[in-house]
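Q:
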Amino acid sequence: MLCRSSSADADTAPKPEQKAKPFTLKQEFSLHISTSTSCKDFQTYWDENKTRLPILASCARRYNCASTTSVASESAFSVA
Numbered sequence: 003m004l005c006r007s008s009s010a011d012a013d014t015a016p017k018p019e020q021k022a023k024p025f026t027l028k029q030e031f032s033l034h035i036s037t038s039t040s041c042k043d044f045q046t047y048w049d050e051n052k053t054r055l056p057i058l059a060s061c062a063r064r065y066n067c068a069s070t071t072s073v074a075s076e077s078a079f080s081v082a
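Put into structure tokens, the structure is as follows:
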């Protein structure tokens with residue numbers, strides 16, 4: 003009769019001090035698609051999910067900012 007040693011079980015059991023592995027970008031995107039709703043305010047959504055989806059939240063902060071004035075775009079097309 004074969005018996006498992008209790009030390010082998012202890013080695014393979016997850017330790018409570020181990021942190022969960024962070025999601026990859028692909029995993030974050032899948033989670034975002036499955037949980038997002040179209041009726042939420044953009045800023046509120048990312049404020050609530052910045053710790054759960056840190057990669058996407060960083061991208062949202064970086065790429066989804068809009069200038070409140072048109073000065074930058076007007077100066078880009080000025081002929082003066």
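As numbered in our numbering, residues 3 to 82 make up the sequence shown, in order. For each residue, glycine too, the CB sits at the ideal point set by N, CA and C.
With a threshold of 6 Å on Cβ separation, who are the neighbours of E30 within its own chain once the five nearest residues in sequence on each side are excluded?
A: Taking the sequence shown and counting its residues from 1, the one referred to as residue 30 is at position 28. If we look at E30 and ignore the five residues flanking it on each side, its Cβ neighbours are L55, I57, L58.
Q: If I'm right that Y47 touches S38 with Cβ under 8 Å, what's the distance once you round it to whole angstroms?
A: Working through the sequence shown from its first residue, we reach residue 47 at position 45. Working through the sequence shown from its first residue, we reach residue 38 at position 36. Right, the Cβ-Cβ distance comes to about 7 Å (below 8 Å), so this counts as a contact.
Q: Cα separation between L27 and V81?
A: For this step, residue 27 is matched to residue 25 along the sequence shown. For this step, residue 81 is matched to residue 79 along the sequence shown. Each residue's alpha carbon lies about 42 Å from the other.
Q: Once you ignore the five residues that flank L33 on each side, which residues in its own chain have a CB closer than 8 Å to its CB?
A: The residue labelled residue 33 in the question sits at position 31 within the sequence shown. Taken in chain order, the residues that qualify are F25, R54, L55.
Q: Can you tell me whether DSSP reads S60 as helix, strand or coil?
A: Locating residue 60 in the sequence shown gives position 58, where the first residue counts as 1. S60: helix per DSSP, three-state reduction.
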